Amino acid sequence: MVAARRCEVAALEQLAQAVHLVAVVRSLAHGLQRERGASNLYLGSSGRRYGERLHQYRQDAEHAQAEFLEHLAAWLSPGSRGLQCSRLLGGIALAVDGLSRLPELRAAILRQDVDAPEVIERFTELLGHLLGVVFEAADTAVDPEVSRALVALFNLMQGKELSGQERAIGVAGFSRGWGDETLRQSLVHRIDAQERCFRIFTEFCDEDSLRLWQECQTVPHTAELERLRRIACTGPRDGLLEGSLDLAELWFAQATHRIDALWGVEEQLEAHLRGLCERRLSEVRAVLADATALMGGGEADSRGREQPSAVILGRPLPVVGEAGAARLIELERQRLEGNGGLLQTSLMDLVHVQSRQLHAIADELTAAREALAERKLIERAKSLLMKHRNLSEEQAYHLLRQTAMNQNRRLAEVAEATVAMADMLAS
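Per our numbering, residue 3 is the first one in the sequence shown, and the count goes up by one each step.
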């Protein structure tokens, strides 16, 4: 039982480190999102507007990048308690590789020899790798409450990233007077995709984060952004909007207000997540301390000889005798039921109590991971459609959604069938 608590402490310490990594990734993603939007406004104005702001955003992003790389160096150093998961490490490697290519892109933006769609695509690819790190951290969480909070944070960050893409696409579209129908369809797709992310977020987040999120929906800039959305989605197809550059700058300002509000919700959810980890660690360490105190230095048998010690996880564990064992079981029962009373129970009763708790934990983790698994399945189905039917990302998603509506099925079910069919044809 003591060994089990030691394992739980180690797992929670790793989880706390993963949560810290997510916080660093979140800061870097926010900086890159701002730089992406300003880059498109700079390019849309042929370098006449937002030069100074772009320079500031770029410096902020570079500072966040330096913090991210510094954190990684410590997190991956020998003896670190950082979570070592192959998929998580692979995602980090892709993110680091993408960051190494940023100077080339930034130089091209300043020379104005790259267009807005390419800038959006390259920044979005990098941000996708960073969000993949958050996804893997959420997928490896072992505590149900922490897992739910991580799922909420991932979907909030994904929705905020789609909002950032919407901001960048809108800047490019308004700068061109919305003469590009492809940009318009891309904007509609981002608006639609955000809603699903935010819906999952509201299902899994804590009450304080939900309340802050609801407050964000009532601020004045939300109504103004909706007005600009209608202009973008219903404006002239064959002509140019008047004052397009001014509208692009207004769009950027209103979209930035919204994204900054989402950043505030992220901060609240991250604080909740840290609090969960700290509380769980404190609880388990207290139980471990009580149990270890009962172990003492070992007990002598009736002949005065000290009983042998077992060695678990590299540490000697003295055998505690009948009285100590009974007390350990009592502590474990109290921990599971949380009533603190003196309970008369058999070891079999304790097993049943623990079994019920494990089933409850499994249900919580299943609900959280199903949300992540569905997201991964839909992304894979989209990739297959893009590859085999030569569709854009928006067209692939629209086809999946339309098929789901026509067949009265869930989007995840249609995605699963698409992936299964592709696997069968490939075999």
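Ideal Cβ placement from N, Cα and C applies to all residues, glycine included. In this text, all values refer to a predicted model and were calculated from it rather than measured experimentally.
- When DSSP states are grouped into helix, strand and coil, Ala95 belongs to the helix group.
- Going by C-alpha positions, Arg8 is about 7 Å away from Leu290.
- Note that the C-beta distance between Gly166 and Gly39 is below 8 Å.
- Collapsing the DSSP output to three states places Gly100 in a helix.
- DSSP places Ala6 in the uninterrupted alpha helix (DSSP H) bounded by Val4 to Gly46.
- Contact annotation: Leu402 and Val416 have beta-carbon atoms nearer than 8 Å.
- If you draw a straight line from the Cα of Ala234 to the Cα of Gly172, it comes to about 8 Å.
- DSSP places Gly49 outside any alpha helix (DSSP H), giving it a letter other than H or E.
- Annotation note: the region 198-252 contains the following uninterrupted alpha helix (DSSP H) runs of length 4 or greater, listed N- to C-terminal: 209-218 and 222-236.
- For Thr405, the three-state secondary structure derived from DSSP is helix.
- Judged by DSSP in its simplified three-state form, Val144 adopts coil rather than helix or strand.
- The distance from the Cβ of Leu230 to that of Gln270 is about 27 Å, inconsistent with a contact at the 8 Å cut-off.
- Here His65 is exposed, its C-beta having fewer than 16 other C-beta atoms within 10 Å.
- Contact between Ala170 and Leu152 is ruled out by a C-beta separation of about 27 Å, above the 8 Å threshold.
- A residue is called buried when at least 16 other Cβ atoms come within 10 angstroms of its Cβ; Lys378 does not meet this threshold and is exposed.
- In this structure, Gly49 is the residue among Leu128, Phe137, Gly49 and Gln61 with its C-alpha nearest to the C-alpha of Ile111.
- Non-local beta-carbon contacts of Leu128 in its own chain, meaning distances under 6 Å to residues more than five positions away in sequence, involve Gly100 in chain order.
- By a beta-carbon distance limit of 8 Å, Arg287 does not contact Val21. Their separation comes to about 17 Å.
- Counting the other CB atoms within 10 Å of its CB gives Gln35 a total of 16 or more, which places it among the buried residues.
- With fewer than three CB-CB distances shorter than 8 Å, the region 141-151 does not count as touching the region 188-202.
- In the three-state reduction of the DSSP assignment, Val421 falls in the helix class.
- Straight-line measurement puts the Cα of Ile380 at about 15 Å from the Cα of His390.
- Pairwise C-beta distances place the region 395-415 in contact with the region 182-193, as three or more of them are shorter than 8 Å.
- In the structure shown, the three-state DSSP call for Leu78 is coil.
- By the neighbour-count criterion, in which a residue is buried when 16 or more other Cβ atoms sit within 10 angstroms of its Cβ, Glu168 is buried.
- Rounded to whole angstroms, the Cβ separation of His32 and Trp265 is 6 Å, and the two are in contact under 8 Å.
- One Cα belongs to Glu251, the other to Glu376, and the distance between them is close to 37 Å.
- Burial is judged here by how many other beta carbons sit within 10 angstroms of a residue's own beta carbon; Val4 has at least 16 and is buried.
- DSSP, read as helix, strand or coil, puts Ser394 in coil.
- Between Leu30 and Leu132, the C-beta spacing is below 8 Å.
- The beta-carbon distance between Ser41 and Leu56, rounded to whole angstroms, is 6 Å. This is short enough to meet the 8 Å contact definition.
- Straight through space, the alpha carbons of Ala273 and Arg213 are spaced by roughly 15 Å.
- Distance from the Cα of Leu90 is smallest, within the candidate group Ser211, Arg178, Phe206 and Asp141, for Asp141.
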